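**Student:** What follows is a single structure, and I will ask about it in a moment.
Number of protein chains: 2
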Amino acid sequence: MPQNGIESVTVRVPMNIALVKYWGKRDEKLILPLNDSISLTVDKLTAETTVRMIPGVGKNTVEINGKQVELNSNKRYETVFEEALRLQRKRKDHSDSNGNQSVFYHFEVISKTNFPVAAGLASSAAGFAAIALGIQRLLNLDDVQANRLARIGSGSACRSMFGGLVHWKKGEKEDGSDCVAVKTDESNWTDLYCIILVFNDGRKKVGSSEGMKRTRETSTLLKYRIESIVPKRIEQIKEAYSNRNFETLAHVIMADSNQFHAVCLDSVPPIRYLNDASWQLIEIIEKFNENETRAAYTFDAGPNACVIVQKKDAKSLIYSLLQSIEIPSEDLKSAEEELKESFEFSTETPKSTVCSKLVISPMGGGPQD
Amino acid sequence: MPQNGIESVTVRVPMNIALVKYWGKRDEKLILPLNDSISLTVDKLTAETTVRMIPGVGKNTVEINGKQVELNSNKRYETVFEEALRLQRKRKDHSDSNGNQSVFYHFEVISKTNFPVAAGLASSAAGFAAIALGIQRLLNLDDVQANRLARIGSGSACRSMFGGLVHWKKGEKEDGSDCVAVKTDESNWTDLYCIILVFNDGRKKVGSSEGMKRTRETSTLLKYRIESIVPKRIEQIKEAYSNRNFETLAHVIMADSNQFHAVCLDSVPPIRYLNDASWQLIEIIEKFNENETRAAYTFDAGPNACVIVQKKDAKSLIYSLLQSIEIPSEDLKSAEEELKESFEFSTETPKSTVCSKLVISPMGGGPQD
Chain W
9 MPQNGIESVT
19 VRVPMNIALV
29 KYWGKRDEKL
39 ILPLNDSISL
49 TVDKLTAETT
59 VRMIPGVGKN
69 TVEINGKQVE
79 LNSNKRYETV
89 FEEALRLQRK
99 RKDHSDSNGN
109 QSVFYHFEVI
119 SKTNFPVAAG
129 LASSAAGFAA
139 IALGIQRLLN
149 LDDVQANRLA
159 RIGSGSACRS
169 MFGGLVHWKK
179 GEKEDGSDCV
189 AVKTDESNWT
199 DLYCIILVFN
209 DGRKKVGSSE
219 GMKRTRETST
229 LLKYRIESIV
239 PKRIEQIKEA
249 YSNRNFETLA
259 HVIMADSNQF
269 HAVCLDSVPP
279 IRYLNDASWQ
289 LIEIIEKFNE
299 NETRAAYTFD
309 AGPNACVIVQ
319 KKDAKSLIYS
329 LLQSIEIPSE
339 DLKSAEEELK
349 ESFEFSTETP
359 KSTVCSKLVI
369 SPMGGGPQD
Chain L
9 MPQNGIESVT
19 VRVPMNIALV
29 KYWGKRDEKL
39 ILPLNDSISL
49 TVDKLTAETT
59 VRMIPGVGKN
69 TVEINGKQVE
79 LNSNKRYETV
89 FEEALRLQRK
99 RKDHSDSNGN
109 QSVFYHFEVI
119 SKTNFPVAAG
129 LASSAAGFAA
139 IALGIQRLLN
149 LDDVQANRLA
159 RIGSGSACRS
169 MFGGLVHWKK
179 GEKEDGSDCV
189 AVKTDESNWT
199 DLYCIILVFN
209 DGRKKVGSSE
219 GMKRTRETST
229 LLKYRIESIV
239 PKRIEQIKEA
249 YSNRNFETLA
259 HVIMADSNQF
269 HAVCLDSVPP
279 IRYLNDASWQ
289 LIEIIEKFNE
299 NETRAAYTFD
309 AGPNACVIVQ
319 KKDAKSLIYS
329 LLQSIEIPSE
339 DLKSAEEELK
349 ESFEFSTETP
359 KSTVCSKLVI
369 SPMGGGPQD
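Below you can see the structure in the form of structure tokens.
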């Protein structure tokens with residue numbers, strides 16, 4: 009507990025990309041998933057968050073990228089702060105005998121993402137993970153408590169609490185106490201990179217929460233996927249990661265991304281996240297993998313692609329992309345810096361598909377204080 | 009058997025649309041499906057076929073829409089003619105004791121479809137059904153024999169051999185003898201119409217045979233669909249059809265079309281048949297059905313839509329389509345004639361989606377001599 013009544017902590021937390029997808033909740037309030045999922049962080053897309061603890065039960069505040077968040081219209085923050093208060097009360101009950109003062113705290117959160125929220129890259133996972141980590145440090149919470157704090161903010165946020173391959177276990181218990189994310193492998197595969205392509209899309213998107221609910225209620229394939237397919241894939245990913253077997257890793261990643269979109273299509277009414285640009289990317293990767301599987305695409309609840317490669321193949325992948333996709337030249341320059349390679353590209357031939365942003369990043373890094 | 013050594017028969021056979029989709033073969037050679045399917049014919053899209061029987065085992069010929077078919081490069085015809093010869097031989101064995109002469113016949117087929125083959129509307133089902141029906145008449149085959157003849161030409165052709173709701177049973181036997189299509193309901197639902205919209209598409213399509221094979225070999229959802237979903241849906245369609253329950257019929261039709269495309273997406277590499285125009289049509293129908301389910305979309309292995317409605321709702325459906333889809337005015341005129349209704353439409357506002365052909369047709373009519 010702080011001595012001076014005020015303490016603050018700053019953490020930087022990366023977003024994460026699921027290799028086996030989370031889709032469907034078994035408990036809407038506690039955000040308990042219907043199935044396990046497994047993910048890697050994207051080191052360069054982070055939320056940097058300062059959490060300040062202020063004595064007294066007061067009004068919590070959240071500022072994201074310079075804008076105050078209206079907490080009344082965004083209940084997820086309230087849920088997190090209520091849980092933080094509950095944890096303080098619980099500790100007070102236990103520590104009364106030590107003669108501690110019964111002081112409670114509220115929080116001030118100031119968060120900055122290093123990528124535009126409007127780009128369509130899920131930033132809430134990194135943001136809530138950062139808040140949870142901050143509160144964990146300030147209140148000395150254990151990992152299970154911090155995990156829960158992140159999860160009730162934004163389900164997949166609990167997968168951003170560690171580096172390396174992270175396995176979010178659905179758990180069995182009603183109270184969610186066995187629903188936690190864990191780091192699966194002590195040694196990180198530092199050679200994995202991802203290339204994220206943002207494809208803008210005029211269509212109104214079905215939000216993840218709404219989409220998950222619709223699929224759970226109407227898809228006749230989801231239950232089978234959850235019970236019979238996902239558990240095997242989680243094991244395959246863990247084994248492939250630990251053996252540094254890129255080919256198997258890639259096959260499972262692509263198959264699971266496609267199956268996630270298949271159960272979306274099997275919902276009533278059907279949900280569509282992939283657009284023409286996404287499908288063009290799929291075709292480019294199929295061609296790129298013709299002789300040897302060197303890249304894996306994966307798509308979340310939107311058209312943007314995340315392509316996973318080993319560092320050695322990143323440059324030739326970018327060349328393949330450049331054949332038919334227009335990429336902002338400043339992003340190519342950043343890619344050159346990141347890979348310490350130089351690309352020769354002509355911007356003369358106009359391309360049918362335009363990517364509004366490309367980010368290249370190593371994967372698997374953890375949060376930083 | 010013909011007395012004069014030459015005999016010919018002319019039949020007109022409609023194409024059919026599956027309400028529960030056939031996707032995947034349990035036997036590639038005999039074209040035995042992995043699952044039951046159920047369909048309705050489209051009365052106005054037909055193949056008119058003359059089959060002439062010529063004495064002697066000779067060179068069979070097939071002409072479609074004025075063009076001679078190169079039989080060497082299209083083995084499916086050969087398979088059908090070989091089966092026809094086998095049936096003649098078999099009968100000869102049995103009839104020798106009657107003192108019949110052992111004369112065999114070969115065939116000349118002249119077929120005309122009343123819609124452009126290039127329009128992307130599956131014409132082969134109607135064509136092979138017509139050939140099978142012609143040969144059935146000429147050789148006095150029973151329904152099971154004729155069914156097999158159609159099926160080994162083009163699987164779903166066996167569903168065009170009858171009017172009304174037709175159930176193609178997958179059967180269990182290895183020789184396919186219990187794999188037959190049957191008419192399920194004595195009384196036809198004459199009020200059902202379909203509106204077919206052809207959306208041209210520059211993409212190279214994965215053919216049905218190749219697609220089915222890929223899905224069977226790689227989709228981890230297909231088996232579950234086949235075993236646990238399809239049988240229920242077949243029963244639901246039969247019951248809804250017999251009770252004239254349009255709402256249930258429509259829900260099952262749409263869910264099954266979407267699930268068929270979902271297992272395509274679940275294949276490796278993923279198969280995509282729906283394009284932006286198809287998805288726009290889906291959204292139009294969702295909106296059209298907002299208060300009451302009055303229309304059902306279904307898509308085969310391509311972007312073209314088939315929308316099923318009761319006759320009373322056909323006009324207002326066409327109005328809904330006209331809001332955002334450009335439809336050739338000559339097709340609207342034919343629709344006016346067919347429905348004995350007149351449409352008011354302006355062709356002034358250009359539409360984002362263009363349909364190159366619209367056909368409106370009653371459903372459920374059978375083949376005609």
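Chains as they are written, first to last, in the working numbering: chain W, 9 to 377; chain L, 9 to 377. Backbone N, C-alpha and C fix where the C-beta goes; we use that ideal spot for every residue, glycine too. Remember, predicted model here, so these are calculated numbers, not experimental data.
Contact criterion: CB-CB distance below 8 Å. Does residue 24 (chain W) meet it with respect to chain L?
**Tutor:** Reading the first sequence from its first residue, position 16 is the one you call residue 24 (chain W). With 8 Å as the cut-off, residue 24 (chain W) does not count as an interface residue toward chain L.
**Student:** Would you say residue 269 (chain W) reaches chain L, if we count a Cβ-Cβ gap shorter than 8 Å as a contact?
**Tutor:** On the first sequence, residue 269 (chain W) is found 261 positions in, with the first residue counted as 1. At least one chain L Cβ lies under 8 Å of residue 269 (chain W).
**Student:** Which residues mark the beginning and the end of the alpha helix (DSSP H) in which residue 244 (chain W) is found?
**Tutor:** As a first step, residue 244 (chain W) is located in the first sequence; it is residue number 236 there, counting from the start. Element bounds for residue 244 (chain W): 238 to 250.
**Student:** In the DSSP assignment, the beta strand (DSSP E) including residue 49 (chain L) goes from what residue to what residue?
**Tutor:** To locate residue 49 (chain L), count along the second sequence from 1; it is residue 41. Note, residue 49 (chain L): beta strand (DSSP E), 45 to 63.
**Student:** Answer yes or no: do residue 314 (chain W) and residue 335 (chain W) have a C-beta to C-beta separation smaller than 8 Å?
**Tutor:** The residue you call residue 314 (chain W) lines up with position 306 of the first sequence. The residue you call residue 335 (chain W) lines up with position 327 of the first sequence. Not a contact, by the Cβ cut-off of 8 Å.
**Student:** Any idea what DSSP makes of residue 189 (chain L), helix, strand or coil?
**Tutor:** As a first step, residue 189 (chain L) must be located in the second sequence, where it is residue number 181. Of the three classes helix, strand and coil, the one that applies to residue 189 (chain L) here is strand, per DSSP.
**Student:** In this structure, how does DSSP classify residue 24 (chain L) when only helix, strand and coil are distinguished?
**Tutor:** By 1-based counting over the second sequence, the position of residue 24 (chain L) is 16. In this structure, residue 24 (chain L) counts as strand in the three-state DSSP scheme.
**Student:** Going by Cα to Cα distance, which pick from L:317, L:24, L:19, L:370 is closest to residue 167 (chain L)?
**Tutor:** Position 159 of the second sequence holds residue 167 (chain L). For the residues L:317, L:24, L:19, L:370, the minimum Cα distance to residue 167 (chain L) belongs to L:24.
**Student:** Could you have a look at residue 197 (chain W) and say whether DSSP puts it in helix, strand or coil?
**Tutor:** For the purposes of this step, residue 197 (chain W) is taken as the residue at position 189 of the first sequence. Coil at residue 197 (chain W), not helix or strand.
**Student:** Pair every Cβ in the region 52 to 62 of chain W with every Cβ in the region 134 to 145 of chain W, then say whether three or more of these pairs are closer than 8 Å.
**Tutor:** With the cut-off at 8 Å, the region 52 to 62 of chain W and the region 134 to 145 of chain W touch.
**Student:** Find out if the Cβ-Cβ distance for the pair residue 32 (chain W), residue 302 (chain W) is shorter than 8 Å.
**Tutor:** Start at 1 with the first residue of the first sequence, and residue 32 (chain W) comes out as number 24. Start at 1 with the first residue of the first sequence, and residue 302 (chain W) comes out as number 294. For residue 32 (chain W) and residue 302 (chain W), no; Cβs fall outside 8 Å.
**Student:** For residue 204 (chain L), which of helix, strand or coil comes out of DSSP?
**Tutor:** Numbered from 1 along the second sequence, position 196 holds the residue referred to as residue 204 (chain L). It is a strand residue.
**Student:** So which residues on chain L does residue 69 (chain W) lean against when the C-beta distance must stay under 8 Å?
**Tutor:** For this step, residue 69 (chain W) is matched to residue 61 along the first sequence. None at all; the shortest Cβ gap to chain L is about 40 Å.
**Student:** Which one of L:180, L:358, L:297, L:318 has the shortest CA to CA distance from residue 369 (chain L)?
**Tutor:** In the second sequence, residue 369 (chain L) corresponds to position 361, counting from 1. Among L:180, L:358, L:297, L:318, the Cα nearest to that of residue 369 (chain L) belongs to L:318.
**Student:** What in chain W is Cβ-close to residue 294 (chain L), meaning under 7 Å?
**Tutor:** Mapped onto the second sequence, residue 294 (chain L) falls at position 286. Per Cβ cutoff of 7 Å: 277.
**Student:** Would you please state the rounded distance, in angstroms, between the beta carbons of residue 239 (chain L) and residue 281 (chain L)? I believe it to be under 8 Å.
**Tutor:** Working through the second sequence from its first residue, we reach residue 239 (chain L) at position 231. Working through the second sequence from its first residue, we reach residue 281 (chain L) at position 273. The Cβ separation is near 24 Å, so there is no contact.
**Student:** Tell me whether the region 152 to 172 of chain W and the region 112 to 120 of chain W touch, counting them as touching only if at least three CB pairs, one residue from each stretch, are closer than 8 Å.
**Tutor:** The answer is no - the region 112 to 120 of chain W does not touch the region 152 to 172 of chain W, with fewer than three Cβ pairs under 8 Å.
**Student:** Under a three-way DSSP split, which group does residue 233 (chain W) fall into?
**Tutor:** The sequence position of residue 233 (chain W) within the first sequence is 225, counting from 1. Residue 233 (chain W) falls in the helix class under three-state DSSP.
**Student:** So that I know if they touch, is there some Cβ in chain L lying closer than 8 Å to that of residue 209 (chain W)?
**Tutor:** Sequence index remark: in the first sequence, residue 209 (chain W) carries index 201 (1-based). False, the Cβ-Cβ gap to chain L never drops below 8 Å.
**Student:** Under 8 Å, Cβ to Cβ, is there at least one residue of chain W near residue 303 (chain L)?
**Tutor:** Residue 303 (chain L) sits at position 295 when you count from the first residue of the second sequence. So no, residue 303 (chain L) is outside the interface.
**Student:** Residue 66 (chain L): which of L:86, L:345, L:50 sits nearest, CA to CA?
**Tutor:** The count along the second sequence starts at 1 and reaches residue 66 (chain L) at position 58. Of L:86, L:345, L:50, the residue nearest in Cα terms is L:86.
**Student:** Three-state secondary structure (DSSP) at residue 158 (chain W)?
**Tutor:** As a first step, residue 158 (chain W) must be located in the first sequence, where it is residue number 150. Note: residue 158 (chain W) maps to helix in three-state DSSP.
**Student:** What residues of chain W sit near residue 284 (chain L), judged by a beta carbon separation below 9 Å?
**Tutor:** As a working note, residue 284 (chain L) is residue 276 in the second sequence. Residues of chain W passing the Cβ test: 283, 284.
**Student:** Just reading off the beta strand (DSSP E) that residue 368 (chain W) is part of, what are its end residues?
**Tutor:** Within the first sequence, the letter at position 360 stands for residue 368 (chain W). Segment 365 to 370, the beta strand (DSSP E) holding residue 368 (chain W).
**Student:** Can you give me the C-alpha to C-alpha distance between residue 164 (chain W) and residue 205 (chain L), rounded to a whole angstrom?
**Tutor:** For the purposes of this step, residue 164 (chain W) is taken as residue 156 along the first sequence, with counting starting at 1. For the purposes of this step, residue 205 (chain L) is taken as residue 197 along the second sequence, with counting starting at 1. Those two C-alpha atoms are separated by around 42 Å.
**Student:** Expressed to the nearest angstrom, what Euclidean distance is found between the alpha-carbon atoms of residue 15 (chain W) and residue 376 (chain W)?
**Tutor:** Position 7 of the first sequence holds residue 15 (chain W). Position 368 of the first sequence holds residue 376 (chain W). One C-alpha to the other measures close to 18 Å.
**Student:** Who are the near neighbours of residue 229 (chain L) in its chain, counting only those whose CB is closer than 8 Å to its CB and skipping five residues on each side?
**Tutor:** For the purposes of this step, residue 229 (chain L) is taken as residue 221 along the second sequence, with counting starting at 1. So the qualifying residues of the chain are 270, 271, 274.
**Student:** How would you list, in chain order, the residues of chain L whose beta-carbon sits under 8 Å from the beta-carbon of residue 287 (chain W)?
**Tutor:** As a first step, residue 287 (chain W) is located in the first sequence; it is residue number 279 there, counting from the start. Per Cβ cutoff of 8 Å: 280.
**Student:** In this structure, does DSSP put residue 39 (chain L) in helix, strand or coil?
**Tutor:** Position 31 of the second sequence, counted from the start, is the residue given in the question as residue 39 (chain L). Residue 39 (chain L) falls in the coil class under three-state DSSP.
**Student:** If you pair each beta-carbon of the region 235 to 250 of chain L with each one of the region 190 to 207 of chain L, do three or more pairs fall below 8 Å?
**Tutor:** Yes: at least three Cβ pairs fall under 8 Å.
**Student:** I want to verify the contact list: residues of chain W whose CB lies under 7 Å from the CB of residue 274 (chain L), in sequence order.
**Tutor:** Translated into positions along the second sequence, residue 274 (chain L) becomes position 266. Residues of chain W passing the Cβ test: 266, 267, 270.
**Student:** For chain L, check one thing: does any of its Cβ atoms lie closer than 8 Å to the Cβ of residue 232 (chain W)?
**Tutor:** In the first sequence, counting from the first residue as 1, residue 232 (chain W) sits at position 224. Taking Cβ atoms only, chain L reaches closer than 8 Å to residue 232 (chain W), which makes this a yes.
**Student:** Using the Cα positions of residue 12 (chain W) and residue 47 (chain W), report the straight-line distance between them to the nearest angstrom.
**Tutor:** One-based indexing of the first sequence puts residue 12 (chain W) at position 4. One-based indexing of the first sequence puts residue 47 (chain W) at position 39. Since pLDDT at residue 12 (chain W) reaches only 47, below the 50 mark, its modelled position is unreliable, and no value is offered.
**Student:** In whole angstroms, what is the alpha-carbon distance linking residue 221 (chain W) and residue 162 (chain W)?
**Tutor:** One-based indexing of the first sequence puts residue 221 (chain W) at position 213. One-based indexing of the first sequence puts residue 162 (chain W) at position 154. Each residue's alpha carbon lies about 15 Å from the other.
**Student:** Between W:297, W:325, W:290, W:257, which lies nearest to residue 28 (chain W) when the distance is taken from Cα to Cα?
**Tutor:** On the first sequence, residue 28 (chain W) is found 20 positions in, with the first residue counted as 1. Among W:297, W:325, W:290, W:257, the Cα nearest to that of residue 28 (chain W) is on W:257.
**Student:** Residue 349 (chain L): which of L:255, L:320, L:300 sits nearest, CA to CA?
**Tutor:** Looking up residue 349 (chain L) in the second sequence gives position 341. Of the listed residues, the one whose Cα sits closest to residue 349 (chain L) is L:320.
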